[in-house]
Amino acid sequence: MLKHAEKHEIKLALVGQPNSGKSTLFNAASGFRVNTGNFPGTTVSFAETKVNIDGHVVTLIDLPGTYSITSHDLAEKVTRDYLLSGKVDVLINVIDASMLARSLELTLQLIEMNIPLVVAMNMMDEAGRKGIEVDFDKFKNLIGTEAYPVNAVQGIGVNELFRGAISKTTDNFKPKRPTYDRDVEDCLESIVGSFSENLRQVIRLDTRFVAIRLLEMDADFEHSVSLVDMKLMDNIRQQRKALAELHNWPESGVFASHRHALVLDLYEKFVQHRRVNKVSLRNRIDAFFVNPIGGSVVVALSVFSMFYVSFCLGDIISGIIEKPFFHIRSWISNIPIGILQSGTSGLVDGLEAGVGIVLPYFVPLLFLLAVYEDSGILPRIAFIVDGLLHRVGMHGKSIVPIILGYGCNVPAILATRNLENERDRKLAMLIIPFITCSARTVIILGLVGKYLGALAAALVYVGTIAVTFTLSFVLSRINIHLDAGLLMEVPPLRLPFLRIIFKKVWLQLYQFLVAAWPVIILSSILLAIGSSFGIDEWINHFFSPFTKTIMNLPQEVGITIFLGIFRKELVLVMLNSALKTGDVGTVLSTSQLITLTVFSVLYIPCIATLSILKKEGGWRLCLTSAALNFGIALFFAAIVARF
Amino acid sequence: MKLTEIKRGKLFEITSFIGNREMVAKMNAIGLYTNQIIKLLRTGPFGGPLLIEETTSGGRLMIADKFARSVEVREIEDVETR
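Chains A and B, in that order, give the protein sequences.
Those letters in the first sequence? Residues 0 to 642, per numbering that gives the first Met the number 0, in order.
Those letters in the second sequence? Residues 0 to 81, per numbering that gives the first Met the number 0, in order.
In C-alpha cells, the structure reads:
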C-alpha cells in the first residue's frame, strides 16, 4: 500500500461532455496561474491549477471533454487511463442540466469505474428555460451520488461543490453502482466469477468494471485478458454473443443499449418537464443562422469583422507601443562596449517584435475568437465553411487554426490539436505556414501597399489565399485517408461573460509567450551580435543564386531574407539599411517589389513556427514544411520576376 | 430511408444504425439513439453537414454525410411529445 504524507494534497478532476461548462468551472475556481500540459506522448492536453478551499490545498485538473469513455478515440482512452491510475481522489462530473439524459450516459460510465465521484449540475438556468426540473433528492437516491447545482459562469454554488467533493475524500465515498437487467447482471457475474487469481493480479482493477469493458468489446482489455488466459477470452466472447442473440441486438451494442435504457428509465424518475413557449428571442436570432442566405451572410460578417477589428485595433496598439521602444533605442546607442550594445539592441529588438508586431494584432483576434466560441457562433461558422473546406481537403474543425493563423502561426499550430484525425492534423500543420500572419501582412502593406496601392496589396493577399487552398487540395490527394467528417454539437447561443473571456485570452496568450518569446529573443540577440561582426556580406553572397539569378533582386536583399527567417517583419524593417536608402521605392522596381513581397510571405515559416512544428509534428514534418514553403515561394517569385 | 434523404418540416424517428462500430458509438455518445426523434433544420452549403435537432432535448447537431448515411430513419406523424 502506498504511504500518504500527513498533509496529503487532494486531487480533484473535472470530467464532463463538451459544452458542459466544465472548463468554465475550472476557470471560475482557478487563479491566474494555470499549468497546461499534455499526457505523455500524446497531443491530448489537460489543465491544472492549485486552489485553496477551507484551508485545504487542492489540485484541480481539467480533463478533456469527452462524450463517453469507452476509448474509441485517444482523448477518451487517455482520460480513462488517467482516472484508473488512482492519481485522482475525487471526480467531479460536470453535467449540462439542459442535456441531462445524454449526460447521464457518461455519468454511469464513470460510476462503473468505481471511483469517488460527485456531480456538478451546471447550467440550471438553461435547463429551466427548457422546462426541465430536477429533483435532487431523488437523483441522489437513484444515481447513488450527490449532485450540486452550480452556475459556473456566475460562480454560484462552486464553493459548496468543492466542499462536497473534498468531504468525499475522507470517507472514500464511492457511488452506488447501477444495476442492469437480470440477464446482463448474470452475464457480468459469470464473467467475474471466471477470473482467475492470476488475472486479478495482472489486471489490478475493479473486476466488475473489467467485466463491463469486456462486454463492450473494449480492444485493450480483450488484449490484456487474452495475454493471460486465451481460453477465458474465448469463453467471454461466447457469453457476450449469447447475450446479444438473446435480445436480438448487435454484439457491440449490447451493453451500451442496456445502459441507455437504464439512463432513460432513471431520467424519467427524477426529472419533470414543464411546457415551455418555444418561440423565444434566442430562437428567433438563431433562425437567422439556420436560414440559407442569412446564415452565410452572418457568418461572412463574423469572420470579416474578426479581421477588420483586429487590424484596426492592432494598428492603434502597435502605434502606442512603438514610442517607448524608440526612447529605449536612443538610450542603447549610448552603451559603450560594442558587443554589449549589439546584444542589448538585439534583446530590445526581440522584445519589440514580440510585443509590438504580433501582440497588437493577435490579442484582439484572440479576444474575438473567445467571444465567438463562448457565444456559440464558432460552431455555426464551422457549419457554414465545412463544405468549402472539405472541397480543398480540410476538415471543418480546421477553421479555428486557420483564423488564428492570420494573427500568428504559432498558436494556430497549437490549435491543430483539436483535430482528432492524424492526417487532418498533419495537413493543417503544413498549410498553416502559408497563412499570412500579422508579420507577413505588415510586409504586404509596407511594400506593395505603400508603393503600389491598396488594390495591389489586396491582390497579393488574395493570391496567398488561393495558393493555400490549392496546396491543400493537392496535398490532400496524396493521402486520401479521409476522416468521416464533422459530428459536432451546436450549443445554444449564449451571452458570453467578460471575466471568462479575459481568462481565456490570458491563458492562450501565456502559452504563446512561453512558446515563441524565448526563440524570438534569443535569435534576435545572436543576430545583432553576429551582424556587428559583419556576416552581412557573407550571407548576401550565399543567397545570391536565389536573389540575383532566380528572382532578379539586388544581392543586398539576401541579408533581409535571412533575417526574415528569424522574424518575418525584418524583411521589411531591415530593407532600408540593407539597400542603403531612405525610400525603398526608389531602388526597387515595381516588379521587384512584388517579387520580394511574394517571396517573403510564402517562404520558410519563422523560427518560432518552425520550433513549434518540430515540437508538435516532429523533425520530418518541420523540414517538409520548410522545404515546401521555400520551394513554392521561389517558384511564384520567379514567375512574378519574369513579368 | 437514410438520414441523408430527409426533408425539412417533418419529424423522423431513428430506426437503426448501420456501419462500423466506431462511427455508431460516436453517434450514440453524442446523443443519437434508436427511437430518437429528430428533424432537419438545414443542410450546410457546398455539400456540408446536416444541421439536425433532437426533439426531446432540443439539442442541435452537425452531422456529416458519412455519418448520416449510416442512420436509418422513418417519417412519423407530428404528435405532441411531452
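The C-beta atom is built at its ideal place from N, Cα and C for all residues, glycine as well.
Option nearest residue i by Cα separation, candidates the options
i       : options                            : result
R422(A) : H394(A), I402(A), L512(A)          : H394(A)
L109(A) : D205(A), T35(A), I131(A), L198(A)  : D205(A)
S397(A) : S374(A), L429(A), D373(A)          : L429(A)
V600(A) : K502(A), E111(A), V570(A), D61(A)  : V570(A)
A626(A) : I564(A), T594(A), S588(A), F642(A) : I564(A)
E104(A) : K6(B), N19(B), S15(B), K25(B)      : K25(B)
S437(A) : H326(A), L458(A), D314(A), V447(A) : D314(A)
A243(A) : V556(A), D182(A), C407(A), A636(A) : D182(A)
F310(A) : F324(A), S295(A), V93(A), P359(A)  : P359(A)
E555(A) : R274(A), I464(A), L574(A)          : L574(A)
R236(A) : T415(A), S189(A), M120(A), L497(A) : S189(A)
S522(A) : T48(A), V298(A), L350(A), V362(A)  : L350(A)
V57(A)  : S590(A), G85(A), V89(A), G64(A)    : V89(A)
V399(A) : R390(A), G392(A), S67(A), D385(A)  : D385(A)
F629(A) : I549(A), L578(A), L587(A), K614(A) : I549(A)
N34(B)  : F635(A), I9(A), M122(A), L263(A)   : L263(A)
L633(A) : G36(A), T546(A), L141(A)           : T546(A)
For residue i, three-class secondary structure by DSSP
i       : result
Q237(A) : helix
N51(A)  : strand
N27(B)  : helix
G445(A) : helix
F172(A) : coil
M693(A) : A query on residue 693(A) cannot be resolved here, the shown segment of chain A reaching from 0 to 642 and no further.
M573(A) : coil
T580(A) : coil
H272(A) : strand
L242(A) : helix
M22(B)  : helix
T42(A)  : coil
T23(A)  : helix
V459(A) : helix
P544(A) : helix
I558(A) : helix
E71(B)  : strand
A4(A)   : Legend: pLDDT at A4(A) = 40, less than 50; position of this residue unreliable, value from coordinates given subsequently. Of the three classes helix, strand and coil, the one that applies to A4(A) here is coil, per DSSP.
A151(A) : coil
K396(A) : helix
V370(A) : helix
V262(A) : helix
Pairwise C-alpha distance: residue j and residue i
i       : j       : result
L134(A) : G318(A) : Note on residue identity: the sequence assigns Asp, not Leu, to residue 134(A). Their Cα atoms are separated by approximately 57 Å.
L2(B)   : S97(A)  : 25 Å
H257(A) : E145(A) : 23 Å
T343(A) : V583(A) : 27 Å
L595(A) : T106(A) : 58 Å
W516(A) : R566(A) : 11 Å
V639(A) : S332(A) : 40 Å
A381(A) : I611(A) : 25 Å
V77(A)  : C621(A) : 26 Å
I412(A) : L494(A) : 28 Å
S543(A) : F66(B)  : 54 Å
Range of the contiguous alpha helix (DSSP H) that encloses residue i
i       : result
R328(A) : 291-331
A515(A) : 497-531
T54(B)  : It is not in any alpha helix (DSSP H) - T54(B) carries neither H nor E in the DSSP assignment.
L73(A)  : 73-83
M61(B)  : Run containing M61(B): none in the alpha helix (DSSP H); it sits in the beta strand (DSSP E), 59-62.
T206(A) : 206-214
V118(A) : Taken as a continuous stretch (DSSP letters only), V118(A) belongs to no alpha helix (DSSP H), being part of the beta strand (DSSP E) at 116-121.
Residue i, enclosing beta strand (DSSP E) - first and last residue
i       : result
G36(A)  : 34-37
R416(A) : Element bounds for R416(A): n/a, residue is neither H nor E.
D38(B)  : It should be noted that the sequence gives Lys, not Asp, for residue 38(B). K38(B) -> beta strand (DSSP E) spans 36-42.
I148(A) : Going by the sequence as given, residue 148(A) is Pro instead of Ile. From DSSP, the beta strand (DSSP E) with P148(A) extends over 146-148.
M428(A) : Per DSSP, M428(A) belongs to no beta strand (DSSP E); it is in the alpha helix (DSSP H), 421-430.
K613(A) : Segment 606-641 is the alpha helix (DSSP H) holding K613(A); no beta strand (DSSP E) there.
I383(A) : Where I383(A) is concerned, there is no enclosing beta strand (DSSP E), although the alpha helix (DSSP H) it sits in stretches over 376-390.
Residues of the region 25-40 of chain A whose Cβ lies closer than 9 Å to any Cβ of chain B, in chain order: none
Contact list for the region 63-82 of chain A against chain B, Cβ threshold 7 Å: Y66, S67, T69, H71
The region 348-382 of chain A: positions lying closer than 8 Å to chain B by Cβ: P378, A381, F382
Contact list for the region 27-46 of chain B against chain A, Cβ threshold 7 Å: N27, A28, I29, G30, Y32, L40, R41, G43, P44, F45, G46
Contacting positions in the region 59-72 of chain B - beta carbon closer than 8 Å to chain A: R59, L60, M61, I62, A63, D64, K65, F66
Chain B contacts made by the region 467-493 of chain A, where a contact means CB separation under 7 Å: A483, G484, L485, L486, M487, E488, V489
Residues of the region 288-301 of chain A whose Cβ lies closer than 8 Å to any Cβ of chain B, in chain order: V289, N290, P291, G294, S295
Within 7 Å of chain A by C-beta, residues of the region 9-20 of chain B in sequence order: R20
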